[in-house]
Amino acid sequence: MTETQSVGNVAADDDLREIVGGHEVRLAAVERRQDATDGKLDGISKDLATMRAEENARTVATTAGIARLETRVFDLVTQLAKLTGAQENQNRLAEENLRRWRTRSVVAGIVCTIAAAAGGTILSSQTWDDYLFGNVGFLHHRHAPAPLPPTQQQASAYAIAPRNSEKS
3 MTETQSVGNV
13 AADDDLREIV
23 GGHEVRLAAV
33 ERRQDATDGK
43 LDGISKDLAT
53 MRAEENARTV
63 ATTAGIARLE
73 TRVFDLVTQL
83 AKLTGAQENQ
93 NRLAEENLRR
103 WRTRSVVAGI
113 VCTIAAAAGG
123 TILSSQTWDD
133 YLFGNVGFLH
143 HRHAPAPLPP
153 TQQQASAYAI
163 APRNSEKS
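Sequential numbering of the sequence shown, starting at 3, is according to our numbering.
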């Protein structure tokens, strides 16, 4: 605007320059603050990018660790299954062996029972007992003979009285 164009108070060029100079100073201060803020924002952005990268690295490491842990758990479960299967097989073999021994002991018991019954029957006979164990002293308890009652003396020379036909 020129002086001829304005109707009101016309300001001098020096006054305008002072006003514009003041505005330039203020604009320069705002630009410096904005540059400082932009620098801070750039630092914050860099820090944020760094934290995101660290978080991604931690996530990858955690995922890899969990995968390794899953593999180890699966291997452990497999080994436990093998051990349990082997233990079951050993138990089955031991039970079969025990069953065989039980059968053998039952058969031996039956044979011994039959032999004892037969032996008791055969040896209960006095003939067999005397024949087999007659000379074994501790099996026979010999008692002293009981005293006989006194007998009456007969006048004859015979122990038994002669018959009538035999008398002379």
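Backbone N, C-alpha and C define an ideal beta-carbon position, used for all residues, glycine too.
Subject >> Through-space distance from A55 to R94, alpha-carbon basis >> reply: 58 Å
Original post:
Taking the alpha-carbon positions, what's the I68 to E90 distance?
Top reply: 32 Å
Original post:
In whole angstroms, what separates the C-alpha of R102 from that of K84?
Top reply: 27 Å
**OP:** Please classify A66: does DSSP put it in a helix, a strand, or coil?
**Re:** helix
Original post:
Nearest-angstrom Cα distance between A200 and V22?
Top reply: With the chain running from 3 to 170 in the structure shown, residue 200 is simply not present.
Original post:
Under a three-way DSSP split, which group does L150 fall into?
Top reply: coil
**OP:** Taking only the alpha-carbon atoms, compute the straight-line gap between G24 and R34 and give it to the nearest angstrom.
**Re:** 15 Å
Original post:
Among residues of its own chain, excluding the 5 on either side of E26, which ones have a beta-carbon nearer than 8 Å to its beta-carbon?
Top reply: none
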